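Asker:
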Amino acid sequence: MNSVEYYSPTSLKEALNLLAAYGEEASILNGGTDLIVRMREGQSKPKVIVDIKKIDELHKIEIEDNYVFIGACVHLNDLGKHQYIIEKYPFLAKAALSIGSNQVRNRATCIGNICNASPLADTATPLLSLNADVHIYSENGLRTVPLNQFFVFVRKTILKQDEIVTGISFEDDDSILGVFYKMSRRKEVDLSTVCSTVIKSNKGYFVSYGAVAPTPVRLYKTESFLNENTLSQETIKEACMIASQEVSPISDIRATEKYRREIVEVTLQNSLLEWL
Amino acid sequence: MKYVGKSVKRVDGIKKVTGSLKYVDDIKLSKMLYAAVKRSPYAHANIVNINIERAKALKGVKDIITGDLFTKRAGLYLEDKNFLAVGKARYNGEAVAAVCAETEEIAQEAVNLIEVEYEVLPAVTNAKDGMKKNAPLVHPDLGDYKCAPVFFPEPGTNISNHYKQRKGDAPKAFEEAYYVIENTFYVPHVQHVPIEPHTAIAQMDADGCLTVWSSCQSPYAVRQSLSVAFDIPLNKLRVISPAVGGGFGSKAGTTLEGIIIPLAMRLRGRPIKLTYTREDEFQNAYVRQGLHSKIKTAVNKEGKITAVQNEFIWDGGAYTEYGVNIAKAAGYASTGPYDIDNVWTDSYCVYTNHPVGGPYRGFGMCEIHFCIEQNLDIVAEEIGLTPYEIRKINGMKPGGTTGTGELVTQSGLMECLEQVSADIKINEKSKLSSSKKVRGKGIACGWKSPSMPNDAGSSAIIKLNEDGTAHLLVSAQDIGQGSDTVMTQIAAEVLSISPDKITIRTGDTDCTPYEWQTVASRITYSAGRAVYEACQDAKSQLLELSQIKLGIYERDLKLKDGYVVSKIYPDKKIAIADLALGLTFDDGSGIHGPIIGRGSFIPPNIRNADKHTGLGEHPVAYWTYGVQGVEVEVDIETGETKVLKVASCFDVGKVINPQLIEGQVEGAILQGMGTALLEELMLKDGKVMNPSFVDYKIPTSGDIPEMIIKFVENPEETGPFGARGVAEPAMVPTAPAIANAIYDATGIRLNTMPMTAEKILSAIKAKEI
């Protein structure tokens with residue numbers, strides 16, 4: 000019989016000890032909306048589950064010292080309905096509220112969405128474009144890694160077995176304007192066929208896409224082009240061409256490669272048109 | 000009328016909304032065992048060897064069966080199926096062995112330990128290929144199968160039924176036509192996705208009595224099929240369907256019951272439960288058949304259709320015990336609701352190595368109308384008529400004849416067409432909403448008759464209680480459509496007692512009387528009529544006793560609010576409660592005894608159509624006609640379609656419960672939208688590629704458009720209070736109306752569904768070039 004040992008530590012230290020003790024056999028349980036599904040399908044077979052939801056410090060959204068910090072256990076609904084986030088980063092709120100159903104968003108977390116490292120993670124593109132940092136805690140203390148270096152491949156991150164992501168942060172910048180797009184077969188409760196966040200700030204343009212490569216990606220070539228040129232109908236058109244070539248989508252059950260490239264063009268164009 | 004025609008609250012409402020209603024999977028019996036199924040990973044393969052030794056050795060495993068233990072075939076119309084594969088597997092997912100064990104987990108683990116050796120065979124994965132001469136045969140023994148005489152299998156081929164309709168002289172009409180046009184369409188497989196998956200429990204007593212608890216639409220039809228398959232007499236086989244969490248046709252026949260019954264027969268006394276997962280539901284229950292169709296139309300100068308030639312090729316899947324009748328029903332209805340003098344139709348049900356096709360809301364009508372109604376718009380445009388005009392010219396009116404040659408005496412189609420055209424403003428162009436989004440309107444008509452054996456019967460029993468309340472017993476199943484409430488309303492109306500004084504009991508073949516099946520949109524009509532008759536029977540007994548008691552002629556008595564009352568002197572009355580157990584005299588003696596009303600009904604005079612021509616004077620009970628109009632908005636940059644508004648009007652004879660019928664139509668529209676825009680069972684070499692809600696999408700509440708729902712009431716004389724069925728018909732025009740609206744908006748016609756954003760965008764881009 001399959002049996003699973005379940006632990007619910009109340010401190011980070013305790014959680015780390017459990018992860019260290021059980022190594023590969025342990026899985027972190029946060030909202031569970033990915034893990035439980037994967038366990039049912041036999042894709043994950045943990046022997047030990049370390050539920051981090053009882054660690055109080057992981058539940059906060061902080062806005063301090065010019066930084067916004069989202070704790071590991073902040074639910075998508077809490078993020079998407081957070082007043083400060085709605086006002087200053089509506090594209091991030093929109094991304095958070097675009098995932099799953101209301102019920103799922105009451106359980107699922109933004110950090111879980113990131114750590115799951117799906118190529119189409121909806122909260123990844125706003126955070127990539129925000130140049131967010133991932134806060135990783137281990138026995139050696141805290142380290143931060145830029146989100147664009149966090150993803151390795153489909154469902155693979157740089158995270159080691161004995162590490163816990165405590166949250167994600169980004170600079171609180173008044174000049175940021177952003178647009179989030181999610182193209183999906185159905186309006187509610189669906190995975191992205193393509194998702195994107197385009198940000199314009201004092202520092203330039205930041206363009207990120209999901210479901211167009213093995214991981215959510217920044218489109219650096221497209222960004223450079225935009226940063227080097229003045230926005231116009233012509234440059235938007237050219238930027239869209241560059242972006243559609245910069246991505247590397249595949250054909251799957253949800254859409255063909257061709258359609259994904261077309262949607263990259265349309266969504267980038269419509270994002271940039273906001274500022275023309 | 001006091002109760003009929005009123006929005007009486009659902010009698011099952013409180014139990015359903017509080018979650019207290021017990022479904023089959025909620026039933027826990029002592030010493031219950033759980034089953035799990037070993038399934039074929041191949042679409043078509045000989046079973047060379049099955050090794051169950053390792054599985055058998057697992058602790059907690061009680062029994063394992065394979066197909067060779069029970070080789071008798073079963074089926075509703077054509078006995079072509081085994082519940083466990085015998086000799087070979089005919090679809091990816093077919094059951095080849097079943098385990099029962101102390102827990103579901105042990106059963107599943109044991110299944111993984113069963114080793115099956117296969118010899119893979121070439122598979123039929125396209126019905127058109129399956130009709131070719133050299134195609135692999137899915138059922139080489141088709142010629143030996145038992146079959147109802149109205150179906151025509153062609154042994155030595157994959158064709159399990161070939162229905163022909165030959166009305167008038169179509170070849171001549173085509174020669175003389177002013178204009179001839181031919182179009183082809185394809186409708187892929189979809190699944191019913193009831194909220195409750197299939198589930199059943201079987202238990203055989205020591206004396207050989209078998210009880211089956213099953214989430215099924217048709218306890219009696221299930222009992223009959225199982226009785227034949229397992230040689231159990233009907234008096235020793237009890238089927239109970241306590242509640243059904245949606246069916247849409249998928250729970251009409253037998254599916255998983257036959258897998259657990261052999262186990263129950265071998266382990267007497269032990270109840271055995273099997274509940275399907277959502278993945279099972281998509282692969283191993285029933286699916287809607289695919290359809291390849293070709294329609295050729297001849298038109299005269301005035302836009303009158305003078306002839307049609309139809310070819311319907313149904314992808315029936317591995318077993319077509321039920322699907323053969325879909326091919327026949329589609330043949331009967333092949334003209335659509337139009338009056339056409341010359342018809343040449345061939346409708347083929349073809350075996351493939353795909354999941355098993357079966358009844359699905361519409362029973363073939365949604366599929367053929369997707370083709371017929373688009374074809375009609377194409378014809379109209381070619382000859383310079385509007386979609387409204389061509390329907391006005393050709394739509395069925397009283398005095399016309401159907402494809403089977405039956406004279407039509409009742410049709411509200413024209414009234415529906417006028418109503419919907421007005422509600423959707425079909426003759427006014429949609430306004431542009433932006434340069435990137437275009438809008439368009441479309442209409443479609445539809446018709447459907449109940450597809451059932453000519454003698455499909457219903458019965459009902461009403462028992463009066465000594466306090467003036469009553470129990471109504473039927474085996475019509477409330478599968479969400481509201482039949483418990485409608486049956487109760489009909490009884491309440493006839494007996495003139497309020498619905499809350501009537502308790503309805505359904506779904507137990509030992510206790511509730513015969514009902515052929517809860518399918519074919521026939522329950523309000525047929526079971527409703529049986530309830531009406533049962534209550535009339537009880538009423539006549541009440542009047543007979545009242546005549547004695549009150550000394551007033553029966554003809555001068557009526558039922559009113561729980562009393563038998565004189566029509567002339569209203570103060571002369573006697574309570575129904577006082578007569579429920581019979582009439583008691585002053586000396587304490589009594590007569591008659593408890594009042595039980597019984598009602599039976601078979602639609603009158605339905606006769607088989609001619610074998611060669613498919614023609615018949617009265618081969619179906621009636622036709623339900625209706626029209627829907629749709630307005631859509633298409634994003635020309637992404638191809639996304641949004642349904643903005645749907646107007647619907649059906650001739651239902653009589654609305655028994657306005658709120659429930661509206662709910663039926665709303666649900667039908669949403670389901671029609673789902674198939675039009677989102678749903679497709681994606682099949683690759685016979686394997687279902689999207690067997691879950693992750694990649695099989697149905698509409699959510701977020702997709703609901705504005706809906707204008709209206710009805711016309713031209714009574715059906717054989718129905719209760721004039722009612723006829725509408726639950727399925729209401730879905731029939733939705734998908735083609737959406738397709739026609741998309742064409743109006745974009746000039747794009749895909750000839751297939753679902754009309755996904757990607758397909759539309761690709762067509763828009765192709766058109767630009």
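From first to last, the protein sequence lines stand for chains A and B. Residues in the first sequence are numbered from 0 upward in steps of one, following numbering that gives the first Met the number 0. Residues in the second sequence are numbered from 0 upward in steps of one, following numbering that gives the first Met the number 0. Don't be surprised by glycine CBs; every beta carbon is placed ideally from N, CA and C. From a predicted model like this one, the values you see are computed outputs, not experimental measurements.
(1) Take asparagine 309(B) and list the residues in its own chain whose beta-carbon comes closer than 6 Å to its own, dropping the five residues that flank it on each side.
(2) Just to confirm, is the Cβ distance from proline 728(B) to threonine 623(B) under 8 Å?
(3) If the cut is a Cβ gap below 7 Å, which residues of chain A does aspartate 279(B) touch?
(4) Could you check the C-alpha separation between isoleucine 200(B) and lysine 55(B) for me, to the nearest Å?
(5) According to DSSP, is isoleucine 163(A) helix, strand or coil?
(6) Helix, strand or coil, according to DSSP, for aspartate 62(B) in the structure here?
(7) Is the shortest distance between the beta-carbon of arginine 184(A) and the beta-carbons of chain B less than 8 Å?
(8) For a contact meaning CB atoms closer than 8 Å, what does leucine 760(B) contact in chain A?
(9) Strictly under 8 Å for the Cβ-Cβ distance: is asparagine 160(B) near chain A by that measure?
(10) On the three-pair Cβ rule with 8 Å, is the region 71 to 83 of chain A touching the region 97 to 106 of chain A?
(11) Got a sec, what are the start and stop residues for the beta strand (DSSP E) glycine 625(B) sits in?
(12) As a quick exercise: from Glu715(B), Leu680(B), Ala100(B), Val211(B), pick the residue whose alpha carbon is nearest that of threonine 408(B).
(13) For glutamine 187(A) versus phenylalanine 205(A), is the C-beta distance shorter than 8 Å?
(14) How about the region 410 to 424 of chain B and the region 612 to 628 of chain B: do they share at least three Cβ pairs that are nearer than 8 Å?
(15) Curious, which full-length alpha helix (DSSP H) runs of at least 4 residues does the region 472 to 509 of chain B contain?
(16) Once the 5 residues before and after asparagine 604(B) are set aside, which same chain residues still bring their CB inside 6 Å of it?
(17) Measuring CA to CA, which of Gln244(A), Leu267(A), Ile69(A) is closest to glutamine 232(A)?
(18) So with CB distances below 8 Å, who are the chain B contacts of glutamate 56(A)?
(19) So, at 8 Å on beta carbons, what are the nonlocal neighbours of glutamate 256(A) in its own chain, with the 5 sequence-adjacent residues on each side left out?
(20) Along the region 235 to 254 of chain A, where does the CB come closer than 8 Å to a CB of chain B? Name the residues.
(21) Under 8 Å between C-beta atoms, does leucine 680(B) make it to chain A?
(22) For proline 145(A), name the three-state secondary structure that DSSP assigns.
(23) Does chain A have any CB closer than 8 Å to the CB of threonine 640(B)?
(24) Against asparagine 689(B), what residues of chain A qualify as contacts under a CB-to-CB distance less than 8 Å, listed in chain order?
(25) Please compile the residues from chain B whose C-beta is within a distance smaller than 7 Å of the C-beta of aspartate 189(A).
(26) Which of the three DSSP states is assigned to phenylalanine 69(B) in this structure?
(27) Counting only Cβ-Cβ distances shorter than 9 Å, please list the residues of the region 695 to 726 of chain B near chain A, keeping chain order.
(28) Say whether chain A places a C-beta atom closer than 8 Å to the C-beta of valine 189(B).
(29) Starting from the Cα of aspartate 609(B), find the closest Cα among Lys566(B), Gly402(B), Ala533(B) and give me that residue.
(30) Could you give the first and the last residue of the continuous alpha helix (DSSP H) run that contains asparagine 269(A)?
(31) Excluding five sequence neighbours on each side, which residues of the same chain lie with their C-beta closer than 7 Å to the C-beta of asparagine 341(B)?
(32) Are the Cβ atoms of glycine 467(B) and alanine 576(B) separated by less than 8 Å?
(33) Taking 8 Å as the threshold (beta carbon to beta carbon), is leucine 677(B) in contact with chain A?
(34) Would the beta-carbon of tyrosine 524(B) fall within 8 Å of that of alanine 722(B)?
(35) Along the chain, where does the beta strand (DSSP E) that runs through aspartate 314(B) open and close?
(36) In the DSSP assignment, the beta strand (DSSP E) including alanine 54(B) goes from what residue to what residue?
Answerer: By the coordinates alone:
(1) Taking the first residue of the second sequence as 1, we reach residue 309(B) at position 310. Closer than 6 Å at Cβ, skipping near neighbours: Ile294, Ser333, Thr344.
(2) The residue labelled residue 728(B) in the question sits at position 729 within the second sequence. The residue labelled residue 623(B) in the question sits at position 624 within the second sequence. Contact: yes.
(3) Here residue 279(B) refers to the residue found at position 280 of the second sequence. Chain A residues near aspartate 279(B): none, gap ~14 Å exceeds 7 Å.
(4) Walking along the second sequence from the start, residue 200(B) turns up at place 201. Walking along the second sequence from the start, residue 55(B) turns up at place 56. About 22 Å.
(5) Here residue 163(A) is taken as the residue at index 164 of the first sequence, counted from 1. In this structure, isoleucine 163(A) counts as strand in the three-state DSSP scheme.
(6) As a first step, residue 62(B) must be located in the second sequence, where it is residue number 63. Taken through DSSP and simplified to helix, strand or coil, aspartate 62(B) comes out as strand.
(7) Numbered from its first residue, the first sequence carries residue 184(A) at position 185. It does; some Cβ of chain B falls within 8 Å.
(8) Along the second sequence, one-based indexing puts residue 760(B) at 761. Within 8 Å Cβ-Cβ: Tyr258, Glu261.
(9) Your numbering for residue 160(B) matches position 161 in the second sequence. It does not: the Cβ of asparagine 160(B) has no partner Cβ on chain A nearer than 8 Å.
(10) yes
(11) Position 626 of the second sequence, counted from the start, is the residue given in the question as residue 625(B). First-last of the beta strand (DSSP E) with glycine 625(B): 623 to 634.
(12) Here residue 408(B) is taken as the residue at index 409 of the second sequence, counted from 1. For the residues Glu715(B), Leu680(B), Ala100(B), Val211(B), the minimum Cα distance to threonine 408(B) belongs to Glu715(B).
(13) Numbered from 1 along the first sequence, position 188 holds the residue referred to as residue 187(A). Numbered from 1 along the first sequence, position 206 holds the residue referred to as residue 205(A). Correcting the residue identity first, residue 187(A) is glutamate in this sequence and not glutamine. In this structure, phenylalanine 205(A) does not lie closer than 8 Å to glutamate 187(A) by Cβ.
(14) yes
(15) 482 to 494
(16) The residue you call residue 604(B) lines up with position 605 of the second sequence. These residues qualify, in order along the chain: His617.
(17) On the first sequence, residue 232(A) is found 233 positions in, with the first residue counted as 1. For glutamine 232(A), the nearest C-alpha among the options comes from Leu267(A).
(18) The residue you call residue 56(A) lines up with position 57 of the first sequence. Chain B residues near glutamate 56(A): none, gap ~33 Å exceeds 8 Å.
(19) Counting from one through the first sequence, the residue named residue 256(A) turns up at place 257. For glutamate 256(A), where only same-chain residues beyond five positions count, the Cβ hits under 8 Å are Pro248, Ile249, Ser250.
(20) So the close ones are Ile252, Arg253, Ala254.
(21) By one-based count along the second sequence, residue 680(B) stands at place 681. Not an interface residue.
(22) Reading the first sequence from its first residue, position 146 is the one you call residue 145(A). Proline 145(A) falls in the strand class under three-state DSSP.
(23) Sequence index remark: in the second sequence, residue 640(B) carries index 641 (1-based). No, because no Cβ of chain A sits closer than 8 Å to the Cβ of threonine 640(B).
(24) As a working mapping, residue 689(B) is identified with position 690 in the second sequence. Per Cβ cutoff of 8 Å: Ile252.
(25) Stepping through the first sequence from its first residue, residue 189(A) is reached at position 190. Neighbours of aspartate 189(A) on chain B, chain order: Lys696.
(26) Within the second sequence, residue 69(B) is the residue found at index 70, counting from 1. Of the three classes helix, strand and coil, the one that applies to phenylalanine 69(B) here is coil, per DSSP.
(27) Lys696, Ile697, Pro698, Thr699, Ser700, Gly701, Asp702
(28) Along the second sequence, one-based indexing puts residue 189(B) at 190. No, its Cβ sits nowhere closer than 8 Å to a Cβ of chain A.
(29) By 1-based counting over the second sequence, the position of residue 609(B) is 610. The candidate whose alpha carbon is nearest that of aspartate 609(B) is Gly402(B).
(30) Mapped onto the first sequence, residue 269(A) falls at position 270. Here the alpha helix (DSSP H) through asparagine 269(A) covers 256 to 272.
(31) As a first step, residue 341(B) must be located in the second sequence, where it is residue number 342. For asparagine 341(B), where only same-chain residues beyond five positions count, the Cβ hits under 7 Å are Lys166, Gly167, Asp168, Ala169, Ala172, Thr305, Ala306.
(32) Within the second sequence, the letter at position 468 stands for residue 467(B). Within the second sequence, the letter at position 577 stands for residue 576(B). A contact, by the Cβ cut-off of 8 Å.
(33) Locating residue 677(B) in the second sequence gives position 678, where the first residue counts as 1. Leucine 677(B) counts as touching chain A.
(34) Reading the second sequence from its first residue, position 525 is the one you call residue 524(B). Reading the second sequence from its first residue, position 723 is the one you call residue 722(B). Yes, these two residues count as a Cβ contact at 8 Å.
(35) In the second sequence, residue 314(B) corresponds to position 315, counting from 1. Following the DSSP letters along the chain, one finds aspartate 314(B) inside the beta strand (DSSP E) bounded by residues 304 to 316.
(36) Locating residue 54(B) in the second sequence gives position 55, counting from the first residue. Run containing alanine 54(B): none in the beta strand (DSSP E); it sits in the alpha helix (DSSP H), 52 to 56.
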